[in-house]
Every structure is written in C-alpha cells, then in structure tokens.
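> Mind having a look at this structure? Questions to follow.
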Amino acid sequence: MARRIVIASGKGGVGKTTVCVALGKALAGMQKKVLLLDFDNLRSIDLMLGAAQDVVFDWGDAATGRCSAKDAVLEAGGVSFMACPPDYDGITKDDVKRLIHELEAAYDFLLFDAPAGIGTGLSLACAAAQKGLVVATPDLVCVRAACRAAQQMDSLGVQNCRLVINRAVYRDIRRKKLLNIDDVIDETGVQLIAIIPEDKQLRHAGTSGKLFAPRNLSYEPLRRLAQRIQGKQVSLWFA
Ligand SMILES: Nc1ncnc2c1ncn2[C@@H]1O[C@H](COP(=O)(O)OP(=O)(O)OP(=O)(O)O)[C@@H](O)[C@H]1O
Ligand SMILES: [Mg+2]
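Here the sequence shown is numbered in numbering that gives the first Met the number 0, starting from 0 and rising by one per residue.
Below, the structure written as structure tokens:
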C-alpha cells in the first residue's frame with residue numbers, strides 16, 4: 000500500500016515541484032514504484048519531466064469518471080505521473096479519495112505536489128495524504144508562509160509534517176544574510192527532515208533534465224531525504 004505524501008510551502012516558487020520530482024526519482028532509483036500527482040493547475044510536473052506533449056487526460060478526468068485511472072497515468076524519467084486538471088470545478092475531496100484508493104495498491108509512494116497558497120488545491124492534495132513535507136527557503140517571508148501552510152495542513156488532517164529547507168547557502172547563513180537553520184525550524188515549528196543546498200544543476204534542470212544526478216550538489220541530501228522518508232536512520236547531509 001502506497002505511502003501518501005503531500006508537498007506544500009504556502010509561498011510560491013520555493014522548490015516544491017523540484018523537491019517532489021527529485022524525491023520521486025530518488026525513490027525510483029531505490030526500486031520503489033512512485034506516482035507523482037500534480038495538484039497545481041498551472042501544471043509543472045509534466046514540464047519538469049519533459050513530457051508535456053504526452054498529456055491527454057489528467058487526474059481530474061479520472062476522478063470524475065471521464066477516463067480510467069490507468070488512462071491518466073504517464074511514465075517519464077523513471078517515475079509515473081498524473082497531470083493536474085486546468086481547474087478544480089466540480090471535483091470534491093471524496094472524488095480524490097476514491098481515485099487515490101484505487102491507485103494506492105499499485106505503488107510504494109504517491110507524492111502530491113501542492114500549489115502555492117493554502118486554498119482549494121492544497122485542500123484537495125491533503126484529502127488523501129498521510130504525511131506532509133513543508134518546503135521553505137531560509138528567509139523570513141517564506142518561513143512565515145511555511146508555518147501557515149503547516150497549520151493549514153494540520154487542520155486538513157495531515158498532522159505528520161516534516162520540514163525541507165531548500166536553497167540553503169551556508170556562506171550566506173554564516174554571514175547572517177539568510178536565517179540560520181535553528182531559526183527556520185523554530186519559526187515554522189516543524190521538525191526538520193532535509194536541507195537541500197542551492198544547486199545550479201537544479202536551476203538548469205529544465206533544460207539539462209538533471210534533476211537528480213550523482214554529480215549534483217543536491218544529490219546526497221535528496222538521496223538521504225528519500226531514505227529518511229522510508230524511516231531509515233540516516234543523518235542529515237550538509238552539502
Ligand atoms: N535547491 C535549489 N537550487 C537552485 N535552484 C532551485 C532549487 N530548488 C528549486 N530551484 C529553482 O527554483 C525555481 C522554482 O522551483 P519550483 O518550480 O520547484 O518551485 P515551486 O515551489 O514548485 O513553485 P510554484 O509555487 O510556482 O509551484 C525553479 O527555477 C527551480 O529550478
Ligand atoms: Mg510547483
């Protein structure tokens with residue numbers, strides 16, 4: 000039965016989709032069957048996986064009976080994914096729960112990429128999730144948004160959240176240009192599970208396709224995140 004994890008942040012552009020896709024690839028590299036569901040109706044997962052042109056159906060079609068669940072699942076880069084519907088009109092939490100229930104036996108992990116904000120997309124993404132990852136970059140605005148997102152997820156029934164600090168630059172943290180790690184943890188009130196460094200390979204991943212590659216600075220932290228998600232006792236990695 001799949002473990003179901005929602006990835007959210009409150010603030011936009013902090014790396015939710017990047018973490019979602021890279022984590023999916025890391026888990027797939029550990030022989031796990033992974034399905035990514037895009038809950039952001041601006042759609043990014045298909046683009047990040049270089050498969051935008053292959054999308055015919057989305058999970059909204061499957062959830063509302065316009066196609067089978069299988070019809071809406073695509074394969075790209077070692078993972079499976081379902082694209083987001085263009086809007087959430089007429090899709091209920093029960094529709095999402097039913098769809099996830101149908102899918103969960105076939106996968107080890109279902110990763111739900113939430114949109115920015117704390118509205119309908121997040122609430123649908125949380126409907127069938129057991130656990131949450133809150134992504135925050137080490138700056139005040141993002142940390143406050145992450146705290147709000149974690150509270151919202153808690154009220155939506157996802158109590159088991161962990162913090163991913165993304166785009167950490169240690170030199171800037173030392174020089175107090177970014178918040179230090181302890182402050183980010185304290186201000187969000189969420190337990191830390193990973194610190195992903197600023198990595199230009201991730202920035203270029205859209206064109207290079209190298210979202211999770213051994214030469215990337217972020218490779219080992221992401222690999223360890225994938226292990227820690229599985230409950231393995233491995234330490235954090237500071238790149
Ligand atoms: N660790 C990192 N190092 C460098 N660039 C990063 C890192 N993580 C994400 N990025 C870059 O930040 C930008 C935003 O990332 P991404 O689209 O994953 O954010 P998001 O939170 O999903 O955004 P949205 O809220 O719009 O869905 C992208 O250009 C991505 O390549
Ligand atoms: Mg995104």
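Just so it is clear, CB atoms sit at the ideal spot from N, CA and C, and this is done for glycine as well.
1) Could you spell out the range, first to last residue, of the alpha helix (DSSP H) harbouring V189?
2) Going by DSSP, which residues form a beta bridge with S250?
3) Since I believe V5 is in contact with A113 (beta carbons under 8 Å), could you give me their beta-carbon distance rounded to a whole number of angstroms?
4) In chain order, what residues of the same chain lie with their CB nearer than 7 Å to the CB of W236, ignoring the 5 residues before and after it?
5) Does the beta-carbon of P114, which I'm using as the reference point, lie nearer than 7 Å to any heavy atom of ligand 4?
6) For K199, which residues does DSSP report across the bridge?
7) Tell me the start and end of each unbroken beta strand (DSSP E) in the stretch 82-133 that is at least 3 residues and wholly inside, in chain order.
8) Within this structure, are the beta carbons of G23 and L36 separated by less than 8 Å?
9) Under the rule that 16 or more other beta-carbon atoms within 10 Å means buried, what is M0, buried or exposed?
10) CB K15 to CB V134, shorter than 8 Å?
11) Determine, using beta carbons only, whether D57 and A82 come nearer to each other than 8 Å.
Taking the coordinates as given:
1) In the sequence shown, residue 189 corresponds to position 190, counting from 1. Element bounds for V189: n/a, residue is neither H nor E.
2) With the chain covering 0 to 238 only, the question about residue 250 has no answer from this structure.
3) Here residue 113 refers to the residue found at position 114 when the sequence shown is read from its first residue. Here residue 5 refers to the residue found at position 6 when the sequence shown is read from its first residue. Right, the Cβ-Cβ distance comes to about 6 Å (below 8 Å), so this counts as a contact.
4) Within the sequence shown, numbered from 1, the residue matching residue 236 stands at position 237. Counting only Cβ-Cβ distances below 7 Å, and skipping sequence neighbours, we find E219, P220, R223.
5) Inclusion of ligand 4 in the displayed structure is not the case, the ligand content consisting of ligand 1 and ligand 2 alone.
6) Indexing the sequence shown from 1 puts residue 199 at position 200. Looking at the DSSP assignment, K199 forms no beta bridge with any residue, so it has no partner.
7) Within the stretch 82-133, complete beta strand (DSSP E) segments of at least 3 residues are found at 108-112, given in chain order.
8) The residue given as residue 23 occupies position 24 in the sequence shown. The residue given as residue 36 occupies position 37 in the sequence shown. Pairing G23 with L36 gives a Cβ-Cβ distance that is not under 8 Å.
9) Here residue 0 is taken as the residue at index 1 of the sequence shown, counted from 1. Exposed is the label assigned to M0, since fewer than 16 other Cβ atoms lie within 10 Å of its Cβ.
10) Counted from its first residue, the sequence shown places residue 15 at position 16. Counted from its first residue, the sequence shown places residue 134 at position 135. Yes, these two residues count as a Cβ contact at 8 Å.
11) Here residue 57 corresponds to residue number 58 of the sequence shown, with the count starting at 1. Here residue 82 corresponds to residue number 83 of the sequence shown, with the count starting at 1. Between D57 and A82, the CB-CB gap stays under 8 Å.
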